[in-house]
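Colleague: I have a structure I would like to understand better, so I am pasting it below and will then ask my questions one at a time.
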DNA sequence: GGCATGTGTATTTTT
DNA sequence: TACACATGCC
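Structure (structure tokens):
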């Protein structure tokens, strides 16, 4: 039953993989074969006869789950690894709530809104409460969502959260509170869940009397990856899921905890042994990824961290190549240097796909992207603006959402305003007339049994307050809805009547029909409609793979394509491309050659994080995560000066400081290089390197 | 009331 | 650069 692969594991890995029962904590340093260990354990459990669909594997991204399960599938003789429940907390919560949610009064057909939708709803409520026009500037909608989400995920008091993390909003606390109350109420009335609800209600489900046990009994084994980046609710969910049997394995590394802005807390991993008595702890310390010099530099960065689990990563991958610290004149030169290095490595046989450029914030790569395009170096960017955040994609999704859940107010609001002659005011009036707003929480029963009439039926049948200017566009819209739902103007479906599932077009046909309706609007509402139209076409392609509209919408919301090229067809994928990624999105990945750009104070650590020590410590871990992504070669770039934004013609600039995470003793573990320009500027011509570095160092000592 | 245009102002990271 | 808000025209 055990495959030969067991022999290829090191003793610590094997201990984790073959652990029989009871709680298991695996502290796995960067590159120590964590993924492999998890995949092997899944395979091992299946080989031992645990039914695959009674194994729950919680990961940070769906991609991670998919990779582990496909690896596990290759290891086990059983062909059932695909039946393992794998995915993010949010995706699994969604799935469980649709199955068991009715027991706690939830309706099965809720829609899930992403952060942008949540922000729009906050904004709507803020307007209604008249908080938009106060003397002082009220917190922006994204800030509101951030405050809300952090409070909920940390299970903390609002006042404390604002005080601590959003001090500039303290004065608006009353307004914020009022908005949140309405926000929560609105979501329930509209049968809409935000990301946080998926966790919140999952927890409620677990805590509920009968169904709680049923949910907990659903699984024999639970495995959680990246446990250092789980938050209070997620920790609580795990505890509740394990109330009947404690066969749970959590894997994590405190040195790589980088999601505290999402209320992740390291306490989950630190306190695990106390919360789960009898925990067996296994530590993985052998790094298989990086060369020894890269590891030495990374360890040195972490050595000055305030508190950490003591573990010393080691590697037997010797190399005489130290990581390189590259000083450039400015961002322009940084771009050039990066491109030069990349092409150098490419010529020496390292394909672009095995190289990555990492940075702190999404926009840090914009100038580099221009230069890469200029040089015809194809790239693929992770993090930053996503496909589904583009306005036109949201428009299309909103149309599908109202078909799915006719009480989804945000989506109505968005869709109606697309129509010619309809603005915010008219849209609101229409929403009211359609009966989208109801004061009944938890709409479990619909039209059956004398419930409210669906807004979709009203749209087709009722006289509505449509201003003359909007008449024509509105008529088109009516036709669209009629065709998609199969409802007729007198309010009856042409199949089974009175059910929530209309006898309309197939999903693909609906999307196609919507696109025909939407294309002209696209032209009117946005610039470069051609590109946007192509995106919509791609969406149509994806829709072909789905039969269920609900699945399609939810998948796009919970697991959005990371960028437009994710949607590219096979011929595109075969092409070699460079990876650009935020450090956060690079978590769990590895590349032969890694380039970290903007290693300046203010970028890493980010200006916004240095207010308190905890913030700086997290930035340190972030830098550590970035460094430990490298297998063979690591380059860190530091531009000496930054030009002040916007000034195209002005040369106003200021000198940057090298990131504080590379003090002299750590720098000694790097090979230090500078561009010719830097040498010229600092050395006044052709001086010896030593001299230049002395002068450079002077710049860095505060 | 709807919508185009202009102005001033900012808090990184993601499910 | 985007977004929130004010203004002015249809």
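Residue numbers (the numbering used here): 192 to 893.
Where a beta carbon is used, it is the ideal one built from N, C-alpha and C, also for glycine.
Could you tell me the distance, in whole angstroms, from the CA atom of residue 216 to the CA atom of residue 538?
Modeller: If you take the alpha carbons of residue 216 and residue 538, they lie about 44 Å apart.
Colleague: Return the bridge partner residues of residue 422 from the DSSP annotation.
Modeller: According to DSSP, residue 422 bridges with 455.
Colleague: In terms of residue numbering, what span does the beta strand (DSSP E) encompassing residue 863 cover?
Modeller: Residues 862-865.
Colleague: Anyone know if the C-beta pair for residue 580 and residue 307 falls short of 8 Å?
Modeller: Yes.
Colleague: Buried or exposed: residue 211, going by 16 or more other Cβ atoms within 10 Å of its Cβ?
Modeller: Exposed, because fewer than 16 other Cβ atoms sit within 10 Å of the Cβ of residue 211.
Colleague: Whose C-alpha, out of 333, 490 and 781, is nearest the C-alpha of residue 910?
Modeller: Nothing about residue 910 can be read from this structure; the chain reaches only from 192 to 893.
Colleague: List the residues that DSSP assigns as beta-bridge partners of residue 556.
Modeller: Bridge partners of residue 556: none, in fact.
Colleague: Using beta-carbon positions only, say whether residue 303 and residue 314 come within less than 8 Å of one another.
Modeller: No, these two residues do not count as a Cβ contact at 8 Å.
Colleague: Closest by CA to residue 338, which one among 391, 253, 453 and 226?
Modeller: Closest by alpha carbon: 453.
Colleague: Drop a sphere of 10 angstroms on the beta-carbon of residue 636, count the other beta-carbons inside from all chains shown, and report buried for 16 or more, exposed for fewer.
Modeller: Per-residue confidence for residue 636 stands at a pLDDT of 40, beneath the threshold of 50, marking its modelled position as unreliable; the derived number appears in the next sentence. By the neighbour-count rule (16 or more Cβ atoms within 10 Å), residue 636 is not buried but exposed.
Colleague: Where does residue 746 land, buried or exposed, given buried means 16+ other C-beta within 10 angstroms?
Modeller: The residue in question, residue 746, is buried, as its Cβ has 16 or more Cβ neighbours within 10 Å.
Colleague: Under three-state DSSP, which class holds residue 395?
Modeller: Correct three-state label for residue 395: helix.
Colleague: For residue 291, report the span of its alpha helix (DSSP H) as first-last.
Modeller: 280-291 is the extent of the alpha helix (DSSP H) around residue 291.
Colleague: Tell me whether residue 877 sits in a helix, a strand or coil according to DSSP, three-state version.
Modeller: Because residue 877 carries a pLDDT of 44, less than 50, the predicted location of this residue cannot be relied on, and the following value inherits that uncertainty. In the structure shown, residue 877 sits in coil (DSSP, three-state: anything other than H, G, I, E or B).
Colleague: Find out if the Cβ-Cβ distance for the pair residue 529, residue 559 is shorter than 8 Å.
Modeller: Yes, Cβ-Cβ distance for residue 529 and residue 559 is below 8 Å.
Colleague: Return the chain-ordered list of same chain residues with a C-beta closer than 8 Å to the C-beta of residue 503, the five sequence neighbours on each side being excluded.
Modeller: So the list reads 476 and 490, once near-sequence residues are dropped.
Colleague: Is it the case that the region 806-817 contacts the region 478-497, given that we only count it when at least three CB pairs across the two stretches are under 8 Å?
Modeller: With the cut-off at 8 Å, the region 478-497 and the region 806-817 touch.
Colleague: Mapping the DSSP letters down to three states, classify residue 815 as helix, strand or coil.
Modeller: Looking at residue 815 - three-state DSSP - the assignment turns out to be helix.
Colleague: Is DSSP giving residue 828 helix, strand or coil here?
Modeller: It is a strand residue.
Colleague: Got a sec, what are the start and stop residues for the alpha helix (DSSP H) residue 303 sits in?
Modeller: Not the alpha helix (DSSP H): residue 303 falls in the beta strand (DSSP E), residues 302-304.
Colleague: Within the same chain, show all residues whose beta-carbon is closer than 8 Å to that of residue 198, passing over the 5 residues directly before and after it, in chain order.
Modeller: Here the set comprises nothing.
Colleague: In whole angstroms, what separates the C-alpha of residue 683 from that of residue 646?
Modeller: Low per-residue confidence applies at residue 683: pLDDT is 48, beneath 50, and the placement is therefore not dependable enough to give any value.
Colleague: Check this for me: beta carbons of residue 790 and residue 849, under 8 Å apart or not?
Modeller: Against a cut-off of 8 Å, the Cβ pair of residue 849 and residue 790 comes out as a contact.
Colleague: When DSSP builds the beta bridges, which residues end up paired with residue 440?
Modeller: Its beta-bridge partners are 215 and 414.
Colleague: When the Cα of residue 772 is compared with those of 331, 571 and 662, which residue comes out closest?
Modeller: Residue 571 is the option with its Cα nearest to residue 772.
Colleague: Compute the Euclidean distance between the alpha carbons of residue 663 and residue 426, then round it to the nearest angstrom.
Modeller: Spanning the two alpha carbons is a distance of roughly 53 Å.
Colleague: Taking only the alpha-carbon atoms, compute the straight-line gap between residue 523 and residue 834 and give it to the nearest angstrom.
Modeller: Using only the alpha carbons, I get a separation of about 10 Å.
Colleague: Considering only residues of the region 768-818, which uninterrupted beta strand (DSSP E) runs meet the minimum length of 3 residues and lie entirely inside it, listed in chain order?
Modeller: The region 768-818 contains these whole beta strand (DSSP E) runs: 769-773 and 782-787.
Colleague: What would DSSP say about residue 571, mapped onto helix, strand or coil?
Modeller: Here residue 571 sits in strand by DSSP.
Colleague: So, under 8 Å CB-CB, residue 659 and residue 621 are touching, yes? Tell me the CB distance rounded to an integer number of Å.
Modeller: Residue 659 to residue 621, Cβ: 14 Å. No contact.
Colleague: For the candidate residues 802, 527, 379 and 569, whose alpha-carbon lies nearest to that of residue 543?
Modeller: Of 802, 527, 379 and 569, the residue nearest in Cα terms is 569.
Colleague: Give me the DSSP bridge partner(s) of residue 519.
Modeller: In the DSSP output, where bridge partners are listed per residue, residue 519 has 830.
Colleague: For residue 634 and residue 382, what's the separation of their Cα atoms in angstroms?
Modeller: Confidence at residue 634 is low in this model, with a pLDDT of 43, below 50, so the placement of that residue should be treated as unreliable; the coordinate-derived value is given next. So the alpha carbons of these two residues sit roughly 7 Å apart.
Colleague: Between residue 737 and the rest of its own chain, which residues show a CB-CB distance below 7 Å, the 5 nearest in sequence each way excluded?
Modeller: Answer for residue 737: 698 and 743, listed in chain order.
Colleague: Who pairs with residue 385 in a beta bridge, going by DSSP?
Modeller: Its beta-bridge partners are 304.
Colleague: In chain order, what residues of the same chain have a beta carbon less than 8 Å from the beta carbon of residue 605, not counting five sequence neighbours either side?
Modeller: If we look at residue 605 and ignore the five residues flanking it on each side, its Cβ neighbours are 311, 585, 586 and 589.
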